[in-house]
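What follows is a single structure, written as structure tokens, with notes after it.
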Amino acid sequence: MLLTTLYIIGITAEAMTGALAAGRKHMDWFGVMLVASATAIGGGTVRDILLGHYPLGWVANPHYLMITCAAGVVTTWMASWVAKNHKFFITLDALGLIVFSIIGSRIAMDMGLPPFICMVSALVTGVFGGLLRDLMCRRPPMVLHKELYASVSFLAGGMYWGLMHLGINELIATVSTLVVGFSFRMAAAKFGWSLPIFRFDAEPEGSH
Amino acid sequence: MLLTTLYIIGITAEAMTGALAAGRKHMDWFGVMLVASATAIGGGTVRDILLGHYPLGWVANPHYLMITCAAGVVTTWMASWVAKNHKFFITLDALGLIVFSIIGSRIAMDMGLPPFICMVSALVTGVFGGLLRDLMCRRPPMVLHKELYASVSFLAGGMYWGLMHLGINELIATVSTLVVGFSFRMAAAKFGWSLPIFRFDAEPEGSH
Amino acid sequence: MLLTTLYIIGITAEAMTGALAAGRKHMDWFGVMLVASATAIGGGTVRDILLGHYPLGWVANPHYLMITCAAGVVTTWMASWVAKNHKFFITLDALGLIVFSIIGSRIAMDMGLPPFICMVSALVTGVFGGLLRDLMCRRPPMVLHKELYASVSFLAGGMYWGLMHLGINELIATVSTLVVGFSFRMAAAKFGWSLPIFRFDAEPEGSH
Numbered sequence: 007m008l009l010t011t012l013y014i015i016g017i018t019a020e021a022m023t024g025a026l027a028a029g030r031k032h033m034d035w036f037g038v039m040l041v042a043s044a045t046a047i048g049g050g051t052v053r054d055i056l057l058g059h060y061p062l063g064w065v066a067n068p069h070y071l072m073i074t075c076a077a078g079v080v081t082t083w084m085a086s087w088v089a090k091n092h093k094f095f096i097t098l099d100a101l102g103l104i105v106f107s108i109i110g111s112r113i114a115m116d117m118g119l120p121p122f123i124c125m126v127s128a129l130v131t132g133v134f135g136g137l138l139r140d141l142m143c144r145r146p147p148m149v150l151h152k153e154l155y156a157s158v159s160f161l162a163g164g165m166y167w168g169l170m171h172l173g174i175n176e177l178i179a180t181v182s183t184l185v186v187g188f189s190f191r192m193a194a195a196k197f198g199w200s201l202p203i204f205r206f207d208a209e210p211e212g213s214h
Numbered sequence: 007m008l009l010t011t012l013y014i015i016g017i018t019a020e021a022m023t024g025a026l027a028a029g030r031k032h033m034d035w036f037g038v039m040l041v042a043s044a045t046a047i048g049g050g051t052v053r054d055i056l057l058g059h060y061p062l063g064w065v066a067n068p069h070y071l072m073i074t075c076a077a078g079v080v081t082t083w084m085a086s087w088v089a090k091n092h093k094f095f096i097t098l099d100a101l102g103l104i105v106f107s108i109i110g111s112r113i114a115m116d117m118g119l120p121p122f123i124c125m126v127s128a129l130v131t132g133v134f135g136g137l138l139r140d141l142m143c144r145r146p147p148m149v150l151h152k153e154l155y156a157s158v159s160f161l162a163g164g165m166y167w168g169l170m171h172l173g174i175n176e177l178i179a180t181v182s183t184l185v186v187g188f189s190f191r192m193a194a195a196k197f198g199w200s201l202p203i204f205r206f207d208a209e210p211e212g213s214h
Numbered sequence: 007m008l009l010t011t012l013y014i015i016g017i018t019a020e021a022m023t024g025a026l027a028a029g030r031k032h033m034d035w036f037g038v039m040l041v042a043s044a045t046a047i048g049g050g051t052v053r054d055i056l057l058g059h060y061p062l063g064w065v066a067n068p069h070y071l072m073i074t075c076a077a078g079v080v081t082t083w084m085a086s087w088v089a090k091n092h093k094f095f096i097t098l099d100a101l102g103l104i105v106f107s108i109i110g111s112r113i114a115m116d117m118g119l120p121p122f123i124c125m126v127s128a129l130v131t132g133v134f135g136g137l138l139r140d141l142m143c144r145r146p147p148m149v150l151h152k153e154l155y156a157s158v159s160f161l162a163g164g165m166y167w168g169l170m171h172l173g174i175n176e177l178i179a180t181v182s183t184l185v186v187g188f189s190f191r192m193a194a195a196k197f198g199w200s201l202p203i204f205r206f207d208a209e210p211e212g213s214h
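Protein chains in written order, with the numbering used here: chain E, 7 to 214; chain W, 7 to 214; chain L, 7 to 214.
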């Protein structure tokens, strides 16, 4: 229940940031709905395809897809409000990241997969929506260049797995992961924590 | 039978436009066959993966893939003829769009999926081949910027679903959807009907 | 056993070339691991998704994914060594290509698919990792422009299918395909054998 509510908030917020990215590329409403939906539910879709977890979430529950399409179109009417409340959306995005990660970890657990795959499942759910958005909008994928994001998702997935594995009550495991993961992500954004960058400029390309 | 014939015409025409796009990027024959096939049968492939509808069409019927590869290579010999008959190919493309949409809607119906998903399935079948082509050729996806295309596909999928749902004879449902959808698409191309564009240039990017 | 050993060598080498490509784009460690893994095991992943062959290799055997992530990070410490030993990596890449092709062909055979699809399965396994790498690094896909690569993979898949179909001992079929395919690829790289290029510059774009 809690997770479902937060999930709907999360996909709505992600859809709105996706719609803004589409607006920067002057897409039409179809493009806006496509990018909004890919941003919001693309991560879960990729996860389900990788795990062979059918039917996909939005195929079983088409109203999730309707929500993301509607959120995309609504964003075209209130773009400046969304842009003005940038910080509010960073907060929602951080919340969404952890919610998605918990759901991803949980689905892999329910399929009986090992902990590393649960953490990868969390990461794919949390991160691939933004990757798809950046791919569709032909811009450099932010998640590959910015402060800790994928790592937070991966670790949140691991924390949730660990708490559940210890037999802790599901609600407590969920809320603890949400609080810790969210704080971690917000701190990373505030203080600019990031992974080391790998720069390799030496040689011209040649090998396959 | 009618649908199969039209399907083969459709994938051949789509493969040829895909091959031209590959030629604009100076790809080799493998690239030409890859882009031609992705353009022609990529939409159905994405649809089947999203719906978990296995085996994929071209895995069950490899001759479809052979046709698209052959059409790609043949296009390299008659590129200027294809380019000269630009309008003829727009017509075939419009026909293919409706055929793909009907097939997409039908497959989702046969899986017992709700009407909204049938319409999305039509749209994915009709539109994602062109998206893949533009992605592979590193050019802006046309379908996100041009006259009504995805919308026609979505509505054609809905019309076919509606007619079948009313218990109308399959041939009549197919032909009616073809006539209406094709006319709608050709009119949109002729008169430049399009969805509203969302332009958002105000703020620099920052949020995730 | 032989194939597994060679497979691990192959994915390690591919992961290292993927990491270098990520380093050229100044990605962080997560990006490095993502591109390294996509390069190394992305081809097999796409193949399994297209064939509906679940669970994916790295989901069933997470240590493959751990190896590619580790190889990516290790590459950040020894990038100049990798770059200096360019020719050694071209050799490993050629070996990996044939190993991947054999595995791809074999999996499709074991699913009872026809020979053309076995060859396509070989090609997807051998080639799509590099395609994903180039897509993620936003550079022109090498495989669409360079000397014989995809063709070698396709033909190696066909050779393996043919030998197995003739009832030849599996080890002999594997080693023969490895020797012939590897020599073919190295010769193509040395002598610059390539498929014809399709150049089409005549007309401005217009059609969908």
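For glycine and all other residues, C-beta sits at the position ideal for the given N, C-alpha and C.
Note that the structure is predicted; figures quoted are calculated from it, not measured.
Asked                                                                                                            : Found
Beta-carbon proximity list for Ala100(W), same chain, < 6 Å, skipping 5 on both sides                            : Phe188, Arg191, Met192
Closer than 9 Å to chain E by CB, His214(W)                                                                      : Annotation note: pLDDT 42 at His214(W) (below 50); position unreliable, coordinate value reported separately. For His214(W), the answer is yes, since a Cβ of chain E falls inside 9 Å of its Cβ.
Nearest to Gly24(E) (by Cα), restricted to the options Ala162(E), Thr183(E), Met142(E)                           : Met142(E)
9 Å Cβ cutoff, Lys196(E) in contact with chain W                                                                 : no
Beta bridge counterpart(s) of Asp34(W) as assigned by DSSP                                                       : Ile203(L)
Residue-level contact to chain W via CB, Pro202(E), 9 Å cutoff                                                   : no
Proximal residues to Lys31(L) (C-beta, below 6 Å), its chain only, five neighbours per side dropped              : Cys143
Cβ of Pro146(E) within 9 Å of any chain L Cβ                                                                     : yes
Counted within 10 angstroms of its Cβ, other Cβ atoms place Gly198(E) as buried (16 or more) or exposed          : exposed
Reference Thr51(W); option with closest CA among Ala85(W), Gly110(W), Lys90(W), Thr180(W)                        : Gly110(W)
Given 8 Å, three or more beta-carbon pairs between the stretch 37–48 of chain E and the stretch 38–58 of chain L : no
Cβ separation of Gly29(L) and Ala85(L), assumed to be a contact under 8 Å, to the nearest whole Å                : 6 Å
Own chain residues within Cβ distance below 6 Å of Leu129(L), not counting five before or after                  : Ala156, Ser159, Phe160
Exposure of Arg205(W), with buried meaning 16 or more beta-carbon neighbours within 10 Å                         : exposed
Coil, strand or helix - Ile109(L) by DSSP                                                                        : helix
Nearest-angstrom beta carbon gap, Ile108(L) and Leu9(L) [assumed within contact, 8 Å]                            : 7 Å
Contacts of His171(L) in chain E (Cβ-Cβ under 8 Å)                                                               : What His171(L) touches in chain E: nothing, since even the nearest Cβ is about 29 Å away.
Proximal residues, the stretch 23–34 of chain L versus chain E, C-beta separation under 9 Å                      : Thr23, Ala25, Leu26, Ala27, Ala28, Gly29, Arg30, Lys31, His32, Met33, Asp34
Whole-number beta carbon distance between Ala19(W) and Ile104(W), since they are thought to touch under 8 Å      : 13 Å between Cβ atoms; not a contact.
For Met39(L) and Pro3(E), the rounded distance between their alpha carbons                                       : Residue 3(E) lies beyond the stretch modelled for chain E, which goes from 7 to 214, so this question has no answer here.
Exposed unless 16 or more other CB atoms sit within 10 angstroms - verdict on Phe36(E)                           : buried
CB of Gly173(E) within 9 Å of CB of Leu98(E), strictly                                                           : no
Short CB-CB distance (under 9 Å) between Leu137(W) and chain L                                                   : no
Residue from Lys93(E), Leu56(E), Ile73(E) with nearest C-alpha to Trp64(E)                                       : Ile73(E)
Amino acids of chain L, ordered along the chain, whose beta-carbon sits closer than 7 Å to that of Tyr13(W)      : Those within 7 Å of Tyr13(W) in chain L number zero; the least Cβ separation is about 18 Å.
Chain W residues whose Cβ lies nearer than 7 Å to that of Lys111(L)                                              : The sequence as given places Ser at residue 111(L); Lys does not occur at that position. Within 7 Å Cβ-Cβ: nothing; Ser111(L) doesn't reach chain W, min ~14 Å.
Spatially closest choice to Trp257(E) from Thr131(E), Met22(E), Met115(E), Arg53(E), by CA coordinates           : There is simply no residue 257(E) to check, as chain E begins at 7 and stops at 214 in what is shown.
Contact list for Ala44(L) against chain E, beta-carbon separation under 8 Å                                      : What Ala44(L) touches in chain E: nothing, since even the nearest Cβ is about 11 Å away.
Buried versus exposed, by CB contacts within 10 Å (16 or more), Ile113(E)                                        : buried
Proximity winner among Val186(W), Leu119(W), Pro147(W), relative to Ala27(W) (alpha-carbon distances)            : Pro147(W)
Partners in chain E for Leu62(L), counting only beta-carbon separations shorter than 9 Å                         : Leu56, Leu57, Gly58
Contact under 9 Å by Cβ, Pro121(W) with Gly164(W)                                                                : yes
Whole-angstrom C-beta distance between Gly49(E) and Thr131(E), which should lie under 8 Å                        : 5 Å
Neighbouring residues, chain E, relative to Phe36(L) (Cβ below 9 Å)                                              : Leu129, Val133, Val149, Leu150, Leu154, Tyr155, Ala156, Ser157, Phe160, Leu201
Outcome for Gly212(L) when other beta-carbon atoms lying within 10 angstroms are tallied against a minimum of 16 : Residue placement at Gly212(L) is flagged as unreliable, the pLDDT there being 48, under the threshold of 50; the coordinate-derived value follows with that caveat. With fewer than 16 Cβ atoms within 10 Å of its Cβ, Gly212(L) is classed as exposed.
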